[in-house]
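Here's the structure we're looking at; comments come further down.
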Amino acid sequence: MIVETGKELAMDDATFGEQSGPDGDAGLHWSSSVTVTMRVNGQPRVAMVNPRVTLLDWLREDSGLSGAKKGCNEGACGTCTVLVDGKRMNSCLTLVVQCDGCEVITVEGLAASDGTLHPVQQAFIEHDAFQCGYCTPGQIVSAVACIAEGHATDEASVREWMSGNLCRCSCYPQIVAAVLDAAGAAGDER
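So the mapping is simple: my numbering equals the position in the sequence shown, first residue as 1, plus 640.
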């Protein structure tokens, strides 16, 4: 049995089999799919997935949600950040089967249904907190979590709690200003 983040995947859900490799050695391979049920950006989703597929690949290739980006594919850059049950996750390191029964929010799911931007998205625009934009979706999702977690109290805290998201264009002063501005707006709404 595999246990990950409180979820269990029974091995009988995915059958192992013998397969002869190119050099004649027998190897293991997955021979079936697993059914995963979750909510993505508020919409119920049921998917048959290979148990080895990452959440990032499933979101981009099978769900048509290209906001989360594949940067390092090692969990170091944060361009793939999504929220899983309200917690920041590097979707490049998270298997989609780990999200069975979870709520997944991507940058596409932050704006209101009428198109009104999330306060963090609006703050990023107002503070010019992007240049090339590649890191922006991950930065925005991480900023939403940073504010929700109560870590957007001052510049030093924002820098610390956003340190898992890298910006090659060095927009950090604008990103910090946007997060603090959005946190102030969120505090005004409470």
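Think of the CB as a built atom: it goes at the ideal place given N, C-alpha and C, for glycine as much as any other residue. Small disclaimer: the values here were computed from a predicted structure and weren't measured.
Test item: CB-CB of residue i and residue j under 8 Å
i	j	result
Glu789	Asn681	no
Leu696	Ser673	no
Val784	Met802	no
Pro777	Ala708	yes
Cys807	Gln779	yes
Thr675	Met688	yes
Identity of the residues DSSP links to residue i by a beta bridge
i	result
Pro759	Partner(s): none; Pro759 has no beta bridge.
Glu743	Arg679
Thr721	Asn730
Val784	DSSP lists no partner for Val784.
Val674	Val689
As assigned by DSSP and simplified to three states, the class of residue i
i	result
Pro684	strand
Val798	helix
Thr694	strand
Thr734	coil
Gly661	Residue placement at Gly661 is poorly supported in this model, since its pLDDT is 47, which falls under 50; the coordinates still yield a value, given next. The answer is coil: DSSP assigns Gly661 none of H, G, I, E or B.
Ala818	helix
Gln771	coil
Ala823	helix
Gly711	coil
Minimum C-alpha distance to residue i - residue among the options
i	options	result
Val693	Val736, Ala687 and Thr721	Val736
Asp702	Asn713, Cys712, Asn690 and Gly711	Asn690
Ala823	Gly778, Pro777 and Cys786	Cys786
Ser797	Val816, Asp754 and Cys807	Val816
Tyr774	Gly715, Gln683, Gly704 and Cys720	Cys720
Gln814	Leu750, Val781 and Ile765	Ile765
Pro684	Gly715, Cys739 and Met729	Cys739
Nonlocal neighbours in the same chain, by C-beta distance under 6 Å from residue i, ignoring five residues either side
i	result
Asp821	Ala763
Thr734	Leu695
Asp768	Gln814
Other residues of its chain near residue i: CB distance less than 8 Å, five sequence neighbours each side excluded
i	result
Asp725	Cys742 and Glu743
Glu800	His791
Gly718	Gly711, Asn730, Cys775, Gly778, Gln779, Ser782, Gly804, Asn805 and Leu806
Lys727	Ala785
Proximal residues to residue i (C-beta, below 7 Å), its chain only, five neighbours per side dropped
i	result
Gln771	Cys809 and Cys811
Ser706	Arg700
Residue-level contact to chain C via CB, residue i, 8 Å cutoff
i	result
Glu748	Checking the listed chains, one finds no chain C in this structure; it contains a single protein chain.
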